[in-house]
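Here's the structure we're looking at; comments come further down.
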Amino acid sequence: MRQTLLSFGRMAALLAAGQIQGLAQGTQTASLVGQVVDAAEAPMAGVEIRLSSPSLQGVRVVVTDAGGRFAARLLPPGLYRISLSKAGFTTVTREERLGLEQNLNSRFTLSKEAGTTVEVVASSVRQDKTEFKTSTNFSKESIDALPVDRNPLNVALMAPGVVENLNQDRGGMQIRGSQGTGNLWLLDGQNYADNVYNGPRAKFVTDAIEETQVITGAIPAEFGDVEGGVVNTITKSGGDEFTAQLRWDLSSDRWKAARHGEDASAFSDKINQERMFQVGGPIVKSKLWFYTSYFSTAQDTAQSLPTDQAAIGAPVGAPYTQNIKDIRRQLKLTWAITDRHTLVGTYHGYSETFANIDYVGSGDGFFSTRRFTQEIYGLQLRSLLTDVLTMSFKIGKKDQKIAVGSNNVALPIFNNDDGYFYRAGYFDPRDPGDIRNNQTANLKFSYFASSADSSHQLDLGWDYYRGTTRASGAQTPYDLLIGGKAWNSYVAAGGLDLTNGTVNTDGATTFSYLTQPGEAGTEQHALYVNDKWSLNKHWNANLGLRWDKYTAEDRALKRTTASNNALSPRLGVNFDILGDSAWILGAAYSRYNGKPLEIQLSVATYVNNPIAATFGYNGPAGVQPFSALANPANYNPIPLSYTDAAVNIKVDPNLQAQTVDEVQLSALHNFKHKTLGEGYLKATFISKTWNHLIDLRAGNDGTVANPGGGSPLYITYWHNEPGAKRDYRSVELEGALAKGRYTVNGNLVLSRLKGNYEGEVKGAPGSGAGYDWFTVQNGVSMYDPAVTNPYGYLLGHVPLRSRINTIARWANPLGELTTGLLFSYDGPQTYSHIRVITDPSSLNPAIDPQAAGLRLYQYRNNMRGDGTYHSQYYLDLSVQQDFRLLTFGNGRKASAYVKAVVENVFNHQQQVTFGTGYAALASGDPISTPFAPNSGFGAAGPTNYGRARRMYLSTGLKF
């Protein structure tokens, strides 16, 4: 902790000196604006408005202007008591929850009746008519009451338009058709995404979370680097009263049901424990607050191997155990320097050791161990410069390191027939690990002006981001000595037989790498303006414009690889039909400049891009023992393909960031019904079209001399591919209802995601699609790109998806009982009938063998997404009892609680997927050869079934 405080001190000093360069976005606060009128609807000047909250240091006081308008900005999110008073009039008080990044516009009426106080009950679920962005806020109280994992990724999956991604275990998530890398992740204002996956890899103390906001559309200009959405999380700040909590989360494999075909007797009896401690309070009351928390766990988790390899002797569905050791730390300090200036410092630390990871393999020898550390620092100054002008300045940094390797030194074999690795783990334990750091900064000024009829909020801001990645890119634990060099290698072949230890060597090739250290990074600047108008009680408008510029650098070779800039307008208009916030129509147009992925911008550097070659097998033919593949003498030392990032990989120096054009139309109804309660219903139509998708091509961009010998090398060129398509259409229906002890929230989304560009595969974000990979060779057409990249349904296409939750609370003699229900439904996703093209000459006999440098797939009948899996649905339940224990002399209370969560209450066993693999197209066979399903096609094992019933418990003490 001493090191953490020293780091805060250094950052504060650098902030004062203006020396930290740092892209943090948003202010992580809330605003309350509005107008006060009398009973005759005339604006009232000089009304004093006092805002108090457990989240606010001191009391905020504002006074209405001549038009009766007021603005209270830079408010910490939380529950506020708002009091309005003026001599000769009633005093009106109201409680209102101000959510993260929410700008609430309210209208108050005072009557001439001095000496009386009117208590107004505010709606807890209404939607503000001046809000343009589509967002969902999840408070700590609501998440604690529901049967849901509390990390932001799982919380975000309850929002409309959000679906799982194939790289979800690496922080991937698709929002309104985006790739898994298309989102912005903020923690206390700091971008904490992994530099490679652009998603959250590290974890933090979830008990420390105060609120998470998921922005999915009509995103304001202050947020950049986004194609999908923004997941914005803030942590607790402490307060003027000391609070503490101890929490234990308990789980066991024995507390879950076995999926179909799973061996429950192999489940571990171990009870996994997650231990959390948190404490917060004043160091100096109303002046300096602290909040700190700690988490630790050591868990064993039962897993099953994939099940579609029965024909090769793999341990079909065999169980194994993963081991995780996880420690997290957090500290937040909030200092009210004066009543107009607040300084907030944050720290998050994380370290994890994860053993027995099966990255893309299927066998005991494939397991790897990952070691992960990350530290996040942030410092923010919030200032009320005048009554109408505010400033927010943030700086931050993320330090991250990942090291992965397997201790099994056998030669890994990639089986072309099923797409899995065997015999050894991925990555190299000799590699010291990857460094993925960033520095960020944000400066924002906000100005508020008003008249009797209208109000106007103008935001001006600057963002900065500097990302750094250092890595060698070692891929396997085994070296083959070919041509006098130790090549880090695996071998791709077919006909694998694990039972007899043999493989068909015909057409076998190595994928080999010479590793060396590299360093690359990006530097980004952005300027934005966002002008929000409330013209009258009917019309609200938003005019936003953002300018982004990036520069990609090979810092090891001290050169710029690419640079460009672009504008992105953000426009919106809302019309309140009756002027009473009951019926509101909205329209918005936004263009988003996606984040230039560092993994793509570094392809022409040695960062995770070692010199790569494929060597053809020329040893004994046919079925041979594994030892034949491990004999270096059985390979031609002249490579079939050769790639050197500094030689034959080029990036368009004017590469544009991917862009998305979004059109959003909405209709909203806020209601208050005597019988039903109060709530809202909203329908939104969304259309998104991607442009400037980033891809790689080769065959028609020239050649260079081959450092490995043999034929000249074709240049691989990364560019904006005009033929790449990605389109999303959807209708989102959402609503909320609150009455008494009950609240209900839900959404239903009908959507369509189509295109010919995935842009990512499992474990490889930003991999492109190879749309024009040797489709044209030296000016001559080789094959139709629709063979390898047809248009159709993309991964992440979920035609129908719904999430509905309800929370109920009952007071009882022991304390309070809280129940939560979560219903989830996902319509059937699609899959494609595809096979590996072993030899590119199957596409055209004249194609150069170097085309084998990219693994190509053929789609049956040139159709993508023409197969359909099964839908799945679940009902999850949570029950929590809070117990009153003690009341201390100062009025403080101690309580205990027990919470039980049951996922898939009825243990509805659902087969969701099944084997869809086809045998690879054999070398020399034309693409007209009929598709041959492998022996596991249509088969299903435990991993093809949805989640079985699972129970876990939480218990703890609160002070």
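In our numbering, the protein residues as written are 27 to 985. All C-beta atoms, glycine included, are put in the ideal place defined by N, C-alpha and C.
Query raised in the report: Among residues of its own chain, excluding the 5 on either side of lysine 282, which ones have a beta-carbon nearer than 8 Å to its beta-carbon?
Result: Cβ neighbours of lysine 282 beyond the five flanking positions: Phe293, Ala974, Arg975, Arg976, Met977.
Query raised in the report: Do you know how far the Cα of glycine 125 is from the Cα of serine 81?
Result: About 12 Å.
Query raised in the report: Can you list the alpha helix (DSSP H) stretches of 4 or more residues lying completely in the region 778-850, in chain order?
Result: As far as the region 778-850 is concerned, its whole alpha helix (DSSP H) runs of at least 4 residues are 811-814.
Query raised in the report: Mind pulling the alpha helix (DSSP H) runs of 4 or more residues that sit fully within the region 857-939?
Result: List check, alpha helix (DSSP H) in window: nothing returned.
Query raised in the report: What's the call for glycine 35, buried or exposed, on a 16-neighbour Cβ count within 10 Å?
Result: Bear in mind that the predicted position of glycine 35 carries a pLDDT of just 42, short of 50, making it too unreliable to give a figure here.
Query - Three CB pairs or more closer than 8 Å across the region 894-901 and the region 841-852 - result: Touching, yes, given that three or more Cβ pairs across the two stretches are closer than 8 Å.
Report task. To the nearest angstrom, report how far apart serine 594 and aspartate 485 are at their CA atoms. Result -> Their Cα atoms are separated by approximately 16 Å.
Report task. Give the C-beta separation of isoleucine 712 and glutamate 747 to the nearest angstrom, bearing in mind that I take them to be a contact with Cβ-Cβ under 8 Å. Result -> Not confirmed; about 24 Å, so no contact.
**Report entry** Closest residue to alanine 693 among Ser607, Asp425, Arg396 (Cα-Cα distance)
**Finding:** Distance from the Cα of alanine 693 is smallest, within the candidate group Ser607, Asp425, Arg396, for Ser607.
Requested in this report: Have a look at Asn732, Thr742, Val730, Val813 and flag the residue whose alpha-carbon is nearest the alpha-carbon of arginine 723.
Outcome: Answer by Cα proximity: Thr742.
**Report entry** Spatial distance of alanine 50 from glutamine 406 (CA atoms)
**Finding:** Note that alanine 50 scores 46 on pLDDT, short of 50, meaning its location in the model is unreliable; the coordinates nonetheless yield the value given after this. If I take the Cα positions, the gap works out to 10 Å.
Query raised in the report: Start and end of the beta strand (DSSP E) containing lysine 984?
Result: Counting along the chain, the beta strand (DSSP E) containing lysine 984 begins and ends at 976-984.
Query raised in the report: At which residues does the beta strand (DSSP E) containing asparagine 163 begin and terminate?
Result: Element bounds for asparagine 163: 160-165.
Report task. For isoleucine 169, name the three-state secondary structure that DSSP assigns. Result -> Helix.
Report task. Return the residue from the list Ala630, Asn635, Leu666, Ile260 that minimises the CA-CA distance to glycine 642. Result -> That would be Leu666, whose Cα lies nearest to the Cα of glycine 642.
Requested in this report: Rounded to whole angstroms, what's the CA-CA distance from alanine 7 to alanine 113? Just pull it up for me.
Outcome: Residue 7 falls outside the range modelled here, since the chain spans only 27 to 985, and no answer is possible.
Query raised in the report: Any idea what DSSP makes of aspartate 574, helix, strand or coil?
Result: Strand at aspartate 574.
Query raised in the report: Would you call isoleucine 439 buried or exposed, if buried means 16 or more other Cβ atoms sit within 10 Å of its Cβ?
Result: Isoleucine 439 comes out buried.
Report task. Can you check DSSP and say which residues form a bridge with asparagine 464? Result -> DSSP output for asparagine 464 lists Lys424, Gly493 as bridge partner(s).
**Report entry** Nearest-angstrom Cα separation, counted from arginine 835 out to threonine 586
**Finding:** Near 59 Å, if we compare the C-alpha coordinates of arginine 835 and threonine 586.
Requested in this report: Using alpha carbons as the reference points, say which of Pro871, Ala56, Asn463 lies closest to asparagine 131.
Outcome: Among Pro871, Ala56, Asn463, the Cα nearest to that of asparagine 131 belongs to Ala56.
Requested in this report: Pick out whichever of Val938, Pro543, Phe957 has its Cα sitting closest to the Cα of asparagine 887.
Outcome: Between asparagine 887 and the set Val938, Pro543, Phe957, the nearest pair of CA atoms involves Phe957.
**Report entry** C-beta atoms of glycine 422 and glutamine 205 nearer than 7 Å
**Finding:** Result no, Cβ atoms of glycine 422 and glutamine 205 do not sit closer than 7 Å.
Requested in this report: Please state whether DSSP places aspartate 279 in a helix, a strand or coil.
Outcome: Residue state, collapsed to three classes: strand.
Query raised in the report: Three or more C-beta pairs closer than 8 Å, one from the region 477-496 and one from the region 543-555: is that the case here?
Result: Contact between the region 477-496 and the region 543-555 is present, because at least three Cβ pairs lie under 8 Å.
Query raised in the report: Along the chain, where does the beta strand (DSSP E) that runs through proline 345 open and close?
Result: Note, proline 345: beta strand (DSSP E), 345-362.
Query raised in the report: Under a three-way DSSP split, which group does glycine 967 fall into?
Result: Correct three-state label for glycine 967: coil.
Query raised in the report: What is the rounded straight-line gap between the Cα of glycine 648 and the Cα of aspartate 532?
Result: Near 6 Å, if we compare the C-alpha coordinates of aspartate 532 and glycine 648.
Query raised in the report: With a CB to CB cut of under 7 Å and the five nearest residues on each side skipped, what residues in its chain are close to valine 730?
Result: Cβ neighbours of valine 730 beyond the five flanking positions: Val673, Asn674, Pro738, Leu739, Ile741.
Requested in this report: Give the secondary structure of glutamine 626 by DSSP, where H, G and I count as helix, E and B as strand, and everything else as coil.
Outcome: Helix at glutamine 626.
Requested in this report: Would you list the residues sitting across from proline 246 in a DSSP beta bridge?
Outcome: Answer by DSSP bridge pairing: none, since proline 246 is not bridged.
Query raised in the report: Can you tell me where the alpha helix (DSSP H) with alanine 182 in it begins and where it stops?
Result: Counting along the chain, the alpha helix (DSSP H) containing alanine 182 begins and ends at 178-182.
Query - Meets three-Cβ-pair contact criterion under 8 Å: the region 231-238 and the region 794-802 - result: Judged by pairs of C-beta atoms under 8 Å, the region 231-238 does not touch the region 794-802, as fewer than three such pairs exist.
Report task. With serine 713 as the anchor, note down where its alpha helix (DSSP H) starts and where it stops. Result -> Taken as a continuous stretch (DSSP letters only), serine 713 belongs to no alpha helix (DSSP H), being part of the beta strand (DSSP E) at 703-717.
Query - Cβ-Cβ distance between glutamate 624 and asparagine 221 below 7 Å - result: Yes; because the gap between Cβ atoms is below 7 Å, this pair is in contact.
Query - Through-space distance from glycine 198 to glycine 459, alpha-carbon basis - result: Straight-line spacing of the CA atoms in glycine 459 and glycine 198 works out to 21 Å.
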